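Residue numbers (this note's numbering), protein chains in the order written: chain A, 133 to 366; chain B, 39 to 263.
Written as structure tokens, this is what we have:
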């Protein structure tokens, strides 16, 4: 309708403002029920405890430690990150959201919420993991970069797939099945990079893994924003 | 229309028979790999068709999102259905060959990993399709999924060789860019590739026409009742 470029700056600004409002709304909803937070944190802690129990006092090598960390992260996010769209469909608030704001604002707001949730999880689970498994990480900057960029990619995959499965039946099982092939590039290069970090390699050794993580995250986030409109509009 | 003529189907039958005879009698066995190398004439075309079907499915999905025409959804889902059969065939033939040469059916060679990921994506695609009841939703959501999955695949080409080492022979596409095949082997191989591609087109057309006919009959029944 008003596609004139006179309000281009204004429109861009409004997109992020609207996305921020969607994010705040979801944050408030989450504080009210605490469903996603409970699911994701309890799942992660339970898995970590199970692994730690079964391993006991044995010191594992980095080839096993780094996949274990990413398996915990992946399946924890699979347990909670779909809630963001499933809730809208279950409580039948999706149609109202369709009316009040643009698809891009909805996607960005919900993606940001999932990202914050994943960061919060990592803030708790990573120190616990390092302490329980007795891992020391020398190059902290590389480790953090891999985790942060990996989370950005993982949350955009999860948010888009959540939007898809919220309109299907058998939501829970489908979420992990659909997300796994798409997030494999993140998992493979994340695991590879984390292994190098745990072996004490410097940041320069992990650069090619970081390149893959960054390029994949950018591609998948752009594609999600482009395709989300088709999923969201009815 | 050429598709409705039967002469090309007859010639394809003769062509494929010649390929089978040629694969076992005319072409020599590859050096170093021995008689097992003859699987290449059937294994490589199936892997190629699995990839081609995936490409056709993704392109039809993009067309569906642009035009919202049910025709493109039929093409996308039919191509995927045939693609998963060829992907399974490529996996099984490759696995049997791997047992003979590498003494193990499965060892996460990069080629094995990529065909496995392709199978996973196809499986997820059909799981999604079976979980949605409304036809338009089904077409739209699976089209979106097919596009994302297709964009993911090129990344594996860069990632997987970094992590896993390959033992898989590269007969045609190799880093040196030269063809390491005997002349007669190459003849049979290319004929087989062409024959399988036409066969794939034939199967795909039958599948698409069958689905269209089913849809047409459903609409007729709705009008009657």
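For every residue, glycine included, the Cβ atom is placed at its ideal position computed from N, Cα and C.
The structure presented is a predicted model; accordingly, all values stated were derived computationally and were not measured.
Chain B contact for residue i (CB, 9 Å cutoff)
i: residue 347 of chain A; result: yes
i: residue 357 of chain A; result: no
i: residue 362 of chain A; result: yes
i: residue 301 of chain A; result: yes
i: residue 281 of chain A; result: no
i: residue 292 of chain A; result: yes
i: residue 351 of chain A; result: yes
i: residue 153 of chain A; result: no
i: residue 204 of chain A; result: no
Any C-beta of chain A under 9 Å from that of residue i
i: residue 190 of chain B; result: yes
i: residue 175 of chain B; result: yes
i: residue 193 of chain B; result: yes
i: residue 213 of chain B; result: Per-residue confidence for residue 213 of chain B stands at a pLDDT of 48, beneath the threshold of 50, marking its modelled position as unreliable; no derived number is given.
i: residue 243 of chain B; result: no
i: residue 182 of chain B; result: yes
i: residue 147 of chain B; result: no
i: residue 165 of chain B; result: yes
i: residue 159 of chain B; result: yes
i: residue 47 of chain B; result: no
i: residue 220 of chain B; result: no
i: residue 179 of chain B; result: yes
Whether residue i touches residue j by CB criterion (9 Å)
i: residue 189 of chain B; j: residue 99 of chain B; result: no
i: residue 160 of chain B; j: residue 92 of chain B; result: yes
i: residue 269 of chain A; j: residue 262 of chain A; result: yes
i: residue 322 of chain A; j: residue 274 of chain A; result: no
i: residue 286 of chain A; j: residue 209 of chain A; result: yes
i: residue 166 of chain B; j: residue 124 of chain B; result: no
i: residue 345 of chain A; j: residue 337 of chain A; result: no
i: residue 295 of chain A; j: residue 239 of chain A; result: yes
i: residue 169 of chain A; j: residue 162 of chain A; result: yes
i: residue 235 of chain A; j: residue 365 of chain A; result: yes
i: residue 198 of chain B; j: residue 152 of chain B; result: yes
i: residue 57 of chain B; j: residue 226 of chain B; result: yes
i: residue 66 of chain B; j: residue 234 of chain B; result: no
One or two residues paired with residue i in a DSSP bridge
i: residue 72 of chain B; result: B:68
Unbroken alpha helix (DSSP H) run spanning residue i, endpoints
i: residue 84 of chain B; result: 78-105
i: residue 239 of chain B; result: 221-262
i: residue 291 of chain A; result: 272-297
i: residue 343 of chain A; result: 339-364
Cβ-heavy atom distance, residue i to the ligand GDP, below 8 Å
i: residue 130 of chain B; result: The ligand GDP is not part of this structure, which contains no ligands at all.
Report task. Name, going along the chain, the residues of the stretch 305-328 of chain A whose beta-carbon falls closer than 9 Å to a beta-carbon of chain B. Result -> 305, 306, 309, 310, 311, 312, 313, 314, 315, 316, 317, 320, 321, 323 and 324
Query - Contact set between the stretch 90-118 of chain B and chain A, restricted to residues whose Cβ is under 9 Å from the partner - result: Residues 103.
Requested in this report: Taking a Cβ distance cut-off of 7 Å, strictly less, list which residues of the stretch 227-240 of chain A are near chain B, in chain order.
Outcome: none
Requested in this report: Can you give me, in chain order, the residues of the stretch 258-269 of chain A that have a beta carbon less than 8 Å from any beta carbon in chain B?
Outcome: Listed by position, the residues of the stretch 258-269 of chain A near chain B (Cβ gap below 8 Å) amount to none.
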